[in-house]
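*Asks:*
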Amino acid sequence: MRSHLLNDTTAEQYRRSVTEGIERVAAKLAATDRPFTGVTVDALAPAIDAIDLDKPLRDTAAVLDELEDVYLRDAIYFHHPRYLAHLNCPVVIPAVLGEAILSAVNSSLDTWDQSAGGTLIERKLIDWTTARIGLGPAADGVFTSGGTQSNLQALLLAREESKTDSLAKLRIFASEVSHFSVKKSAKLLGLGQDSVVSIPVDHDKRMQTVALAHELERCKKDGLVPMAVVATAGTTDFGSIDPLPEIAELCEQFGAWMHVDAAYGCGLLASLKYRHRIDGIERADSVTVDYHKSFFQPVSSSAVLVRDASTLRHATYHAEYLNPRRMVQERIPNQVDKSLQTTRRFDALKLWVTLRTMGADGIGQLFDEVCDLAVEGWKLLAADPRFDVVVEPALSTLVFRYIPAAVTDPAEIDRANLYARKALFASGDAVVAGTKVGARHYLKFTLLNPETKAADIAAVLDLIAGHAEQYLGESLDRAS
Ligand SMILES: Cc1ncc(COP(=O)(O)O)c(C=O)c1O
C-alpha cells in the first residue's frame, strides 16, 4: 500500500498514474460532441449503487475504466459551446496546470509553516485584485471557497463593525434579484427573518436607488440600524449591474457598510473594453469576486476583499497549536487569521499560473468576447417574433421565453418553456437554464464560453422552439 503514497520513491508512478488520467480526460474532451448525454438519474444510479467500495480494483486502468462508466461518460461538459446554462465557465489550461500542482504539493494556506511561498503568492494576488478594484492602500482580503462564503464573511465583518447592542435591529438592503446567499448569510449571522430588506429593481433589473433611499430613511426612523447595502455587480439571472456610485453615496450618507457582490461581474476587472461598467466598485467596504465564474478558473476560486485590512480581525482566533498570538508580533504571515476556514486549498495558485501565462489582458479579452456574444444573442432574440427577451445584457446573460403566436394562456406558455428546457436537457444537444420573471417561467443562457458562436445561439433557439411546439401540439391532441 505504501507504493500509493506520493513521495520521493514514487515520483515515477505518480507521473504514470496522473498521465494516464490526463490521457483519458484529453481523449474525452476531444471526442465530446454534446454537452451532456442526457442520462437520467434512474439509468445512472444502479451502476454507482452496485460498486462495492470495500472491494478495490487496485489497478489504475481498471479504476479509470469504471470512472468512464460512472462519471466521465455522462458528466456535464462546460467546455462545450452549447453548454449555456449556469455560471460555469470553461477553464483555461494554465489554471488546470496550477490545479494539478497545488493538489500534488498540497500546501494548506492557513499558516506560513504549512505553505511558505504559497502564502506570499496568495497575498500578492489579493493585492493585485484590490489594486484592480481600486480599494486603496489599506486594503486586504483572502481567498475563499466561493461567492457564498465571500458574501458571508463580508457580512460578518459588516455586522461586527455595526457595533449594535441588538442583532434584531440590524438591516441589510439588497435588490430583489440579489443572490440568495445574502439571505442565507443573514440567517447564519443570527439576524432576524426580516433583516434583509428587498429593494425593487428597474426595467434593466438594477436596484432602484430612490427606493433604497426611502428604505434607508425608514430604517433610521424606525430606530433600526442600516448594517449593510449589498450592491450586485452582475446579478445571477440577468447580469445586471446595480448603480454603484449612487449606492456608494447613500451608504456614506446613512453610515451603512457597502458590499459589492461582484461574483459574476468581476471579469470586468480584467476587461479591455467594459471596465467602466463597474465604476464605483472602488468605493466599497468589501467586494466578492469569483474567479471561478468569469476568470476561467476551475472551481473553487473566489476571494473577499476589504477596504480596511483591520476589519479582517473579526475573523481572527488564535490557537496555541497553530497561530499563537506571539506570531503576530513576530510578523509571521498566517492567512488563517483572516479566514473563516482553517485548512484551506491553495486555489490562488491557479490564478497565479494563469496570470503568469496569459496575463490579465488575456482573461479580459475572453470575457469581453462573451459580453459581445451576448449582445449578438440579444439582437437575434429581439428580432425573432417567436421569443420575448427581458433585458439588454450588461454582461453575458440572456433571459427569454418562447411565445407561440397561437397561444395566449400564460400558464400554457410557461408549461411549453418548462417542457422545452427539460426536453433539451434530456436530448443532451444543449443545456440551458431557467428562472422566473414575475410569475412567469423564462429560459436563460449564461454565455461564458468564447467558443460559443452566434450560430450556436440561433441553433439552440430553434431547438427550443421545436420542443415547445411539440409540447403544444401534444397538448392540443390531449385536449381534443
Ligand atoms: C451574484 C452571485 N453571488 C454569489 C454567488 C454564489 O457563489 P458560489 O456559487 O461561488 O458560492 C453567485 C452564484 O451564482 C452569484 O451569481
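Heads up, the sequence shown is in the working numbering, so the first residue is 135 and it goes up one at a time.
Note that the Cβ used here is the ideal one computed from N, Cα and C, for glycine as well.
Just so you know, these numbers come straight off a predicted model, no measurement behind them.
1) So, for P584: in the same chain, excluding its five sequence neighbours on each side, which residues have a beta-carbon less than 7 Å away from its beta-carbon?
2) Please report the Cβ distance between S315 and G281, rounded to the nearest whole angstrom; I am assuming they are in contact, meaning their Cβ atoms lie under 8 Å.
3) In whole angstroms, give me the CA-to-CA distance for L597 and L532.
4) Nearest CA to the CA of E380: which residue from T369, K355, E416 and F372?
5) Which term fits N551, buried or exposed, when burial requires 16 or more other beta carbons within 10 angstroms of its beta carbon?
6) How many whole angstroms separate the CB atoms of H214 and R168, which I take to be in contact at a CB cut-off of 8 Å?
7) Judging by CA-CA distance, which residue of L515, E233, H138 and G401 is the nearest neighbour of D590?
8) How would you label V226, buried or exposed, when you count the other beta carbons within 10 angstroms and need 16 or more for buried?
9) For S332, list the residues DSSP reports as bridge partners.
10) What does DSSP give as the partner residues of W391 in its beta bridges?
11) Hey, could you find the ends of the alpha helix (DSSP H) G572 is sitting in?
12) Ignore the nearest five residues each way along the sequence and tell me which others in D284's own chain have a CB closer than 6 Å to its CB.
13) With a threshold of 8 Å, are at least 3 pairs of Cβ atoms found where one atom belongs to the segment 326-333 and the other to the segment 266-275?
14) Under 7 Å from any heavy atom of ligand 1, does the C-beta of H601 make it?
15) Since H448 contacts L290 with CB under 8 Å, what's their CB separation in whole angstroms?
16) For the beta strand (DSSP E) that F277 lies in, which residues bound it at each end?
17) Quick one: Cα of D506 to Cα of L489, how far?
18) Identify every run of the beta strand (DSSP E) within the segment 401-431, keeping only runs that are complete inside it and at least 3 residues long; order them along the chain.
19) Along the chain, where does the alpha helix (DSSP H) containing A588 start, and where does it finish?
20) Could I get the ranges of all uninterrupted alpha helix (DSSP H) runs contained in the segment 459-508, with 4 residues as the minimum, in chain order?
21) Just verifying my parser: in three-state terms, what is the DSSP assignment at T343?
22) In this structure, does DSSP put S434 in helix, strand or coil?
23) Terminal residues of the continuous alpha helix (DSSP H) containing D376?
24) Helix, strand or coil, according to DSSP, for A367 in the structure here?
25) Closer than 8 Å is the cut-off here; do at least three beta carbon pairs connect the segment 422-432 with the segment 452-459?
26) Give a yes or no on whether the C-beta atoms belonging to A404 and V364 are separated by under 8 Å.
27) Confirm the yes/no value for this check: CB of G401, any heavy atom of ligand 1, distance under 7 Å.
28) Smallest Cα separation from I412: which of G399, D424 and L406?
29) Do A367 and I375 have their C-beta atoms closer together than 8 Å?
30) Could you tell me the distance, in whole angstroms, from the CA atom of R549 to the CA atom of L558?
31) What's the gap between the Cα of R149 and the Cα of V239?
32) Output needed for E349: all residues of its chain with C-beta closer than 7 Å, excluding positions within five of it in sequence on either side, in chain order.
33) Starting from T445 and walking both ways along the alpha helix (DSSP H), at which residues does that stretch end?
34) In chain order, what residues of the same chain lie with their CB nearer than 6 Å to the CB of V394, ignoring the 5 residues before and after it?
35) Compute the minimum distance between the beta carbon of T531 and the heavy atoms of ligand 1, and state whether it is under 7 Å.
36) Is any non-hydrogen atom of ligand 1 found closer than 7 Å to the C-beta of N285, if you look at the structure I gave you?
*Replies:* Here's the rundown:
1) L500, E503 and V504
2) 7 Å
3) 16 Å
4) E416
5) buried
6) 7 Å
7) L515
8) buried
9) A308
10) A362
11) That residue, G572, is in no alpha helix (DSSP H); it is neither H nor E in DSSP.
12) In the sequence on display, residue 284 carries Ser and not Asp. Excluding residues within five positions, the ones whose Cβ falls inside 6 Å are T278, T422, S436 and V438.
13) no
14) no
15) 6 Å
16) D274 to T278
17) 23 Å
18) 420-424
19) A588 to A613
20) 460-463
21) helix
22) coil
23) That residue, D376, is in no alpha helix (DSSP H); it is neither H nor E in DSSP.
24) strand
25) no
26) no
27) no
28) G399
29) yes
30) 14 Å
31) 14 Å
32) F307, V331 and I333
33) No alpha helix (DSSP H) holds T445; DSSP gives it neither H nor E.
34) A365, A367, I415, A418 and V421
35) no
36) yes
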